[in-house]
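If you're matching positions, the first sequence starts at 4 in my numbering and goes up one per residue. We treat Cβ as the ideally placed atom computed from N, Cα and C, and that holds for glycine. Note that this is a predicted model, so its numbers are computed, not measured.
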Amino acid sequence: MLASSSARILRIIRYLEKKYGMLDWWQGNTDEVMIGAILTQQTRWENVKRALAALKEQGLCSMEAIFSADPEILEQAIRCTGFYRIKTQRLKSLAAHVMCSYGSIELMADEPTDKIREQLIGVNGIGEETADSILCYGFQRPSFIIDAYTERICQCVGLGIKRAPLKVLFEAVLPHDPMIYRQVHAHIVEYAKEYCVKKRCGECTLVSLNG
DNA sequence: GACCAGGTCCTTG
DNA sequence: CAAGGACATGGT
Numbered sequence: 004m005l006a007s008s009s010a011r012i013l014r015i016i017r018y019l020e021k022k023y024g025m026l027d028w029w030q031g032n033t034d035e036v037m038i039g040a041i042l043t044q045q046t047r048w049e050n051v052k053r054a055l056a057a058l059k060e061q062g063l064c065s066m067e068a069i070f071s072a073d074p075e076i077l078e079q080a081i082r083c084t085g086f087y088r089i090k091t092q093r094l095k096s097l098a099a100h101v102m103c104s105y106g107s108i109e110l111m112a113d114e115p116t117d118k119i120r121e122q123l124i125g126v127n128g129i130g131e132e133t134a135d136s137i138l139c140y141g142f143q144r145p146s147f148i149i150d151a152y153t154e155r156i157c158q159c160v161g162l163g164i165k166r167a168p169l170k171v172l173f174e175a176v177l178p179h180d181p182m183i184y185r186q187v188h189a190h191i192v193e194y195a196k197e198y199c200v201k202k203r204c205g206e207c208t209l210v211s212l213n214g
């Protein structure tokens, strides 16, 4: 008899917790998290760090500054993250949303999580994963992030379900606490980078957790 | 040189 | 709704 989906997810979560312990990722301010969330789309974090440093040097690491910045200057600063033209447009769209709809991140933060999420997803270039990253890491809201790695790992252990139901499942088995969501997401990405990306599936022990 | 990176959007069948 | 391509640089 196969264990239920909830039980399997919990076994994986506990296993990764024991393997990696505390990993605190991404301790920037809200502006930085929002910018990083777009820059890291389909891109390694090391490249994003360089772009963030370049933006900071030029005083461009805020929604307000990006809103009024020259697009060509932004393009040059973020070039090392790839897709730099489309990402510049996305940063501009996000900054326009924050500045035009609210005037500041602080005012935006007065809104309920669901409303912020829905509006973020409405911004061109922001999908569910980017919106949830911004909510969880930037606004400290309990919105679990499902990325390609999470989907891949779940697929490997026989939980072949799509992103939306996976998000529901993780949120159902975990306390609604953004710090916990951040930990679990970080653990999953670390594990996937170690065993999935480098094609070491033979050494992956998650399947054996199925009980 | 091939392949992939903490996605998203648009077009097709 | 699923699948495929575009977006682009940098590292292995």
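| query | result |
| --- | --- |
| Proximity to Leu177 [Cα-Cα], best of Ile16, Thr43, Glu109 | Ile16 |
| Best match in Ile89, Val160, Pro145 for proximity to Tyr152 [C-alpha to C-alpha] | Val160 |
| Simplified DSSP assignment, three categories, for Ala134 | helix |
| Three-pair Cβ contact test at 8 angstroms for the segment 116-128 versus the segment 79-87 | no |
| Nearest candidate by alpha-carbon position, reference Glu154, set Lys52, Leu55, Ala167 | Ala167 |
| Within 9 angstroms, strictly: CB atoms of Arg185 and Cys139 | yes |
| Environment of Met111 [buried if 16+ CB atoms lie within 10 Å] | buried |
| Which of helix, strand or coil DSSP assigns to Val126 | coil |
| C-alpha distance - Lys202 paired with Arg120, whole-angstrom precision | 34 angstroms |
| Simplified DSSP assignment, three categories, for Pro178 | coil |
| Leu110 - DSSP class collapsed to helix/strand/coil | helix |
| From Ile89, Ala6, Leu172, Glu206, residue whose alpha carbon lies closest to that of Ile217 | No answer is possible for residue 217: it lies beyond the span of the chain, which begins at 4 and ends at 214. |
| Own chain partners of Pro181 with C-beta closer than 7 angstroms, once the 5 adjacent residues on each side are dropped | Cys139, Gln143, Arg144, Pro145 |
| Bounding residues of the alpha helix (DSSP H) (the contiguous stretch that carries Arg144) | Where Arg144 is concerned, there is no enclosing alpha helix (DSSP H), given that its DSSP letter is neither H nor E. |
| Assigned secondary structure, Cys159 (DSSP; H/G/I helix, E/B strand, else coil) | helix |
| Backbone CA spacing between Val36 and Ser7 [nearest angstrom] | 35 angstroms |
| Cβ neighbours of Gly62 in the same chain (closer than 7 angstroms, five flanking residues each side left out) | Ala68 |
| Minimum length 4: unbroken alpha helix (DSSP H) runs contained in the segment 30-58 | 33-42 |
| With 16 other Cβ atoms within 10 Å as the buried cut-off, status of Leu208 | The sequence shown places Thr at residue 208, rather than the Leu named in the question. Its Cβ having fewer than 16 others within 10 Å, Thr208 is exposed. |
| Cα-Cα separation, Lys170 to Cys157 | 12 angstroms |
| Through-space distance from Asp135 to Trp48, alpha-carbon basis | 17 angstroms |
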